[in-house]
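Peer 1: Structure in structure tokens, see below.
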Amino acid sequence: MDVKKLTRNPLIYVALIGLLLFGGFLLISNLGAPKQITTQEGLKLLAGESVTEVVTTDGDQRVDMTLSKAFEGSENVQFYYVEARADEVVKAINDADPKDGFNDAVPRATWFDGILSLLLPLVLLGLLFWWLLSSMQGGGGKVMQFGKSKAKLVNKETPTVTFADVAGADEAIEELHEIKEFLQDPGKFQAIGARIPKGVLLYGPPGTGKTLLARAVAGEAGAPFYSISGSDFVEMFVGVGASRVRDLFNVAKENSPAIIFIDEIDAVGRHRGAGMGGGNDEREQTLNQMLVEMDGFDPNANVIVIAATNRPDILDPALLRPGRFDRQIGVDAPDLRGRQKILEVHSKGKPLAKSVDLEVVARKTPGFTGADLANVLNEAALLTARSNAQLVDNRALDEAIDRVIAGPQRRTRVMKDKEKLITAYHEGGHALAAAAMNYTDPVTKITILPRGKALGYTMVLPLDDKYSVTRNELQDQLTYAMGGRVAEEIVFHDPTTGASNDIEKATSIARKMVIEYGMTTQVGPVKLGSEGGDMFVARDMGRGREYSEKVAERVDAEVRALIEQAHNEAYEVISANREILDRLALALLEEETLDHNQIAEIFTEIKKLPERPLWLSSEARPVSERPPIEVPKKDVSLAATVEAPAAAPRTQSGSAGAGQARPATA
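Residue numbers (full-length UniProt numbering): 1 to 666.
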């Protein structure tokens with residue numbers, strides 16, 4: 001409970017004053033009140049000679065007596081009696097014959113009872129009215145305040161984030177520097193007729209630092225920073241979202257220069273008409289109001305909207321046009337140098353061993369986002385603390401990388417010898433197929449230790465960052481994926497369910513080669529749609545498939561042909577290298593985990609698959625014999641710096657699933 005907020009509430013003081021007044025009334029009413037005695041004591045006093053006056057109150061069955069001699073320090077006493085003893089009490093009073101006589105009375109309310117009966121309801125009604133009034137005039141979560149913005153203002157008490165805290169996104173930082181300079185010195189841009197973008201859209205995969213970049217802009221510019229999530233605009237009441245948009249922009253304009261940051265804007269800004277229901281959707285009303293507010297800015301109003309999303313493809317086109325979010329900045333997963341910088345930022349405060357080289361760690365983690373890298377270092381620190389060590393070493397970092405990729409090791413899962421043997425051959429088949437291909441990346445690790453949902457996995461990771469994949473590389477990925485299944489077929493003649501995930505990945509790659517990449521002769525370079533994209537948006541729910549059943553049959557035939565070709569290639573290389581497969585399986589059973597050096601030693605005599613024939617999209621087109629030009633070497637020293645050290649294993653996740661940890665079950 002927030003004590004400061006509680007003490008600031010005036011209702012607390014009103015309640016305290018009411019309690020004090022109530023206690024005072026009780027105290028005053030009890031002053032001079034007769035002493036309460038028992039019925040037996042009262043009858044004894046009536047039998048004596050000290051009673052001078054008696055008053056009986058009918059209905060209350062109470063007797064008040066005045067004494068000539070004090071009884072236990074009081075000359076005024078009273079007692080109560082039950083109805084059955086009424087005759088006995090009356091007879092005792094008559095026998096006592098008080099000096100000043102006796103009198104009968106009826107119950108009457110005292111002045112305190114009258115005040116209390118009138119004052120207490122008034123106080124309760126007053127408190128209720130006060131609460132309702134304060135609720136209606138309170139913050140955005142109070143009654144009648146649904147239309148108020150829920151944006152949080154980042155103030156001086158909030159830890160400041162600057163561009164120095166952001167690594168691996170140099171291009172995005174360079175673009176956002178202009179925003180900072182405009183907020184600090186708008187005259188510099190206005191003097192030459194430049195117009196700063198009204199909106200900046202940060203898009204990219206989750207965990208790449210979009211929110212961190214927005215906070216860094218606010219920290220650098222020193223301007224008011226209003227942060228809100230896209231889902232905060234929409235409530236169950238109609239019109240609330242539009243009202244909150246108006247309130248948010250009004251507050252920002254009153255405190256300009258200011259920054260409005262809308263996280264996950266796709267929750268409110270997705271393509272209009274994409275709803276599953278009919279009518280004017282509440283989300284569309286909110287989006288319409290946002291479009292009006294962004295387009296209706298005063299040209300001199302220094303208010304900039306920064307939004308973040310990982311689904312830019314589903315945003316409404318009107319939101320992305322120039323004049324609204326006219327600057328769109330992609331924040332992708334960092335490259336090698338970016339990963340190294342991110343690791344340096346997140347390693348601050350963590351004692352690293354002298355043997356740790358963050359460049360080597362960066363090479364082991366291609367495809368990782370900033371959030372993934374931060375998680376790797378945090379997991380390594382936790383493992384170090386768990387083992388009571390003082391420094392984070394390479395062993396802890398390697399285990400942390402495996403945890404992020406495939407999950408924690410399942411030490412309690414006990415596998416039978418037959419299952420271990422099947423898993424060893426299965427993973428060995430993957431590794432052998434990858435090593436025998438001509439366009440796959442090096443195998444860096446094989447293990448049969450259960451981790452996460454997998455009984456084992458093989459890591460095939462590229463030497464450097466890749467941004468595109470060739471047809472031969474995709475075909476090699478298919479062969480690599482089928483290697484485990486083929487090894488089970490050749491060795492045991494009885495495949496297991498462990499290849500289900502491999503078949504799923506291979507089918508996905510093959511289908512994309514046919515319907516998206518145009519890498520088959522029968523279908524050709526035609527895009528026939530992507531798997532599930534539009535259905536997520538519900539924009540094209542009623543449109544259906546845009547190609548005929550005949551084309552669909554051709555697509556299925558091409559997918560099956562690619563899978564069968566990969567199946568045959570894997571069968572060929574594993575059959576030709578059966579002795580190497582047996583040695584690899586034996587080494588896995590003995591060591592359980594093999595690193596890249598041990599794998600390379602076993603694969604020294606591997607027989608490679610012959611090169612595939614040249615592929616053209618049509619046999620009618622002649623094969624050109626002219627080779628491509630050579631890439632000019634601008635800086636030899638620069639090329640030397642990007643080569644990996646000899647002792648460092650090279651790692652990266654493949655773009656189509658070839659380098660990712662493969663969950664396997666047997």
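Even for Gly, the Cβ is constructed at its ideal location relative to N, Cα and C.
Could you check whether E293 and R244 sit closer than 8 Å to each other, using their CB atoms as the reference points?
Peer 2: no
Peer 1: Report yes or no: do three or more beta-carbon pairs, one from the stretch 324-336 and one from the stretch 198-209, lie closer than 8 Å?
Peer 2: Touching, yes.
Peer 1: Identify, in the order they occur along the chain, each residue of the same chain with its Cβ nearer than 7 Å to the Cβ of D266, setting aside the five sequence neighbours on each side.
Peer 2: Apart from the 5 residues on each side of it in sequence, D266 sits with its Cβ closer than 7 Å to the Cβ of G230, T309, R311, I314 and L315 in its chain, given in chain order.
Peer 1: Buried or exposed: where does N577 fall if 16 or more other Cβ atoms within 10 Å of its Cβ makes it buried?
Peer 2: buried
Peer 1: How many Å lie between G407 and R413 at the Cα?
Peer 2: 14 Å
Peer 1: Within 10 angstroms of its Cβ, does F536 collect 16 or more other Cβ (buried), or is it exposed?
Peer 2: In this prediction, F536 has a pLDDT of 43, which is less than 50 and means its spatial position is unreliable; what the coordinates show is noted afterwards. Result: exposed.
Peer 1: Please go through the stretch 166-224 and give each complete beta strand (DSSP E) segment of 3 or more residues, from N-terminal end onward.
Peer 2: 199-203
Peer 1: Can you give me the start and stop residues for the alpha helix (DSSP H) that S508 sits inside?
Peer 2: S500 to I515
Peer 1: Judging by CA-CA distance, which residue of G126, T497, D595 and R324 is the nearest neighbour of G269?
Peer 2: R324
Peer 1: Could you pull out every residue in the same chain whose Cβ sits closer than 6 Å to the Cβ of E264, ignoring the five residues on either side in sequence?
Peer 2: S229 and G230
Peer 1: Should L377 and S355 be called a contact, given that it needs their Cβ atoms to be closer than 8 Å?
Peer 2: no
Peer 1: On a CA-only basis, which of N472, T496, V491 and T497 is nearest G517? Give me that one, please.
Peer 2: Correcting the residue type first, residue 517 is Tyr in the shown sequence and not Gly. Among N472, T496, V491 and T497, the Cα nearest to that of Y517 is on N472.
Peer 1: Could you tell me which whole beta strand (DSSP E) segments of length 3 or greater appear in the stretch 52-104?
Peer 2: Unbroken beta strand (DSSP E) runs of no fewer than 3 residues, entirely contained in the stretch 52-104, are found at 62-71 and 74-80, following chain order.
Peer 1: Just verifying my parser: in three-state terms, what is the DSSP assignment at K445?
Peer 2: strand
Peer 1: What does the alpha-carbon distance come out to for the pair H430 and T593?
Peer 2: Taking the CA atoms as reference points, H430 sits about 15 Å from T593.
Peer 1: Tell me where the alpha helix (DSSP H) around Y571 begins and ends.
Peer 2: E549 to A576
Peer 1: Quick check on DSSP: helix, strand or coil for K35?
Peer 2: strand
Peer 1: Report yes or no: do the stretch 554-561 and the stretch 595-602 share at least 3 C-beta pairs separated by less than 8 Å?
Peer 2: no
Peer 1: Do A570 and T470 have their C-beta atoms closer together than 8 Å?
Peer 2: no
Peer 1: Just to confirm the assignment: which complete beta strand (DSSP E) runs, minimum length 3, are found wholly within the stretch 278-332?
Peer 2: 303-309 and 327-330
Peer 1: Let me check understanding here. Comparing Cα to Cα, which of S50, V82, A600 and L589 lies closest to K416?
Peer 2: L589
Peer 1: Please classify Q340 as buried or exposed, where buried requires at least 16 neighbouring CB atoms within 10 angstroms.
Peer 2: buried
Peer 1: Within 10 angstroms of its Cβ, does N94 collect 16 or more other Cβ (buried), or is it exposed?
Peer 2: exposed
Peer 1: Distance check for A194 and T160, CA to CA, integer angstroms please.
Peer 2: 29 Å
Peer 1: Quick check on the DSSP output: what are the complete alpha helix (DSSP H) runs of length 4 or more inside the stretch 327-409, in order along the chain?
Peer 2: 336-346, 358-363, 370-386 and 394-406
Peer 1: On the premise that E399 lies in contact with L383, defined as a C-beta separation below 8 Å, what is that separation, rounded to the nearest angstrom?
Peer 2: 6 Å
Peer 1: Report the option in A307, V526 and Q477 whose CA atom is closest to the CA atom of S508.
Peer 2: Q477
Peer 1: Using the three-state DSSP reduction, which class does I259 fall into: helix, strand or coil?
Peer 2: Strand, per DSSP.
Peer 1: Where does S50 sit, in a helix, a strand or coil, going by DSSP?
Peer 2: coil
Peer 1: Applying the 10 Å Cβ sphere with the 16-neighbour rule, what's the burial state of E379?
Peer 2: buried
Peer 1: In angstroms, rounded to a whole number, what distance separates the CA positions of V486 and I503?
Peer 2: 11 Å
Peer 1: Comparing alpha-carbon positions, which option in N375, T211, L584 and T497 lies nearest A433?
Peer 2: L584
Peer 1: Would the beta-carbon of I446 fall within 8 Å of that of I599?
Peer 2: yes
Peer 1: Is the beta carbon of V51 less than 8 Å from the beta carbon of P98?
Peer 2: yes
Peer 1: Once the 5 residues before and after A566 are set aside, which same chain residues still bring their CB inside 6 Å of it?
Peer 2: L478, T479 and M482
Peer 1: So the candidates are V631, S548 and L616; which of them puts its Cα closest to the Cα of S624?
Peer 2: L616
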